[in-house]
Amino acid sequence: MDLKLSDQVVLLSGGSGGIGSACAHTFVREGCAVAVTGRDPASVQETVDAIRASGAEDVAGFAGDAGSDEDVAEIVRRVVDRFGRVDVYVGTSGSVATGALADVTPDQWLAGFSDKLVGYVRFIRHVAPVMEAGRGGSIVLVMGNGGVEPRYWELAPGAVNAAGINLCRSLATDLGRRSIRVNSVSPGPVETKRWDAAQQALAHHNHISFDDAGIVARHTIPRGTLGSAQEVADVIVFLASPLAGYVNGANIVVDGGQRVPLMDFANYPKI
Ligand SMILES: NC(=O)c1ccc[n+]([C@@H]2O[C@H](COP(=O)([O-])OP(=O)(O)OC[C@H]3O[C@@H](n4cnc5c(N)ncnc54)[C@H](OP(=O)(O)O)[C@@H]3O)[C@@H](O)[C@H]2O)c1
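Following our numbering, the numbering of the sequence shown begins with 0 at its first residue and continues without gaps.
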């Protein structure tokens with residue numbers, strides 16, 4: 000299927016890791032120019048080198064922190080300098096602290112909201128005017144199925160993701176009038192560095208081993224295996240493409256039909 004993405008300019012915040020890196024490779028295969036970002040300059044460069052090794056040339060890396068207004072403004076300025084415009088923004092950054100009420104300090108809560116939710120807002124504030132001045136655009140924000148299926152041991156990520164899903168729906172109306180679509184994708188467990196932290200929290204709160212927590216998590220997914228970064232990236236790239244032109248303000252859950260309550264041992268007091 001031709002996604003009609005060739006020659007589009009894509010900016011990924013968090014493009015140097017897991018889901019974002021899979022997105023970067025996929026957009027490049029679809030003929031896009033891609034700008035990859037992340038805090039660690041070495042990881043950003045590694046991703047750019049890996050993409051260039053596949054023969055693509057229109058790829059560039061810009062290290063910076065989504066939690067910093069200055070960094071985000073500078074990244075968007077440099078992307079526009081390099082590629083002339085931005086057609087697609089994908090937010091896939093953020094590492095909100097996992098844990099239950101007593102585990103996460105107010106400072107960690109604030110950092111989680113600043114890095115992920117407000118991080119996306121910082122990027123959108125800068126890219127939306129660029130898209131509007133160009134030929135419109137598409138924004139896809141990676142949130143998480145905890146935003147619709149809460150779990151007490153991932154309290155802050157659930158709250159941040161619920162807020163992000165709400166943000167998308169609101170922005171879809173405002174920016175939709177200016178030819179910019181805004182959607183979110185909410186993954187369930189996906190095999191990346193980020194999932195390791197969630198599996199650790201699941202283990203801790205149920206007093207089971209890390210490996211057993213993995214078995215519990217897989218048991219909640221009907222097919223019995225976690226998702227891959229590529230499976231999430233494929234949905235993101237489709238949503239970003241003109242083929243999804245009538246999809247705006249949607250939150251697409253990509254979790255293999257996960258039955259989240261099965262992860263909550265409080266439902267099984269005799270175990
Ligand atoms: N994996 C899952 O099971 C899962 C499930 C639900 C939702 N999600 C969400 O999906 C998104 C991507 O997660 P992932 O699994 O791909 O995680 P990952 O493998 O840890 O990658 C995260 C990426 O975001 C970057 N990043 C993190 N904080 C940043 C910041 N403040 N500024 C700029 N870049 C930042 C990281 O690079 P640096 O560390 O170098 O900055 C990396 O490129 C996250 O929002 C996560 O909450 C993941």
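Every residue, glycine too, gets a C-beta built ideally from N, C-alpha and C.
Could you name the residues of the same chain whose beta carbon sits closer than 8 Å to that of residue i, not counting the 5 residues immediately before and after it, in chain order?
i           : result
residue 208 : 202
residue 246 : 180, 182 and 238
Look up residue i in the DSSP assignment and give the residues it is bridged to.
i           : result
residue 36  : 12 and 61
residue 138 : 88 and 181
residue 153 : 98
residue 252 : 185
Which of the three DSSP states is assigned to residue i in this structure?
i           : result
residue 95  : coil
residue 182 : strand
residue 113 : helix
residue 75  : helix
residue 0   : coil
residue 25  : helix
residue 120 : helix
residue 167 : helix
residue 104 : coil
residue 148 : coil
residue 172 : helix
residue 5   : coil
Please say whether residue j and residue i have beta carbons closer to each other than 9 Å?
i           : j           : result
residue 83  : residue 191 : no
residue 219 : residue 262 : yes
residue 142 : residue 179 : no
residue 103 : residue 155 : yes
residue 187 : residue 144 : yes
residue 86  : residue 136 : yes
residue 74  : residue 63  : yes
Cutting at 6 Å between CB atoms, please list the residues of its own chain near residue i, excluding the five before and the five after it.
i           : result
residue 32  : 8, 57 and 82
residue 115 : 93, 95 and 159
residue 258 : 219
residue 151 : 99
residue 161 : 146
For residue i, which residues of its own chain have a beta-carbon under 7 Å away from its beta-carbon, when the five flanking residues on both sides are left out?
i           : result
residue 168 : 248
residue 153 : 97, 145, 197 and 200
message: To test your reading of the DSSP string, which unbroken beta strand (DSSP E) runs of 3 or more residues are found completely within the stretch 45-70?
response: 58-62
task: Can you check the stretch 188-250 for any alpha helix (DSSP H) of at least 4 residues that lies completely inside it and give the ranges in chain order?
output: Within the stretch 188-250, the complete alpha helix (DSSP H) runs of at least 4 residues are 192-205, 209-218 and 228-239.
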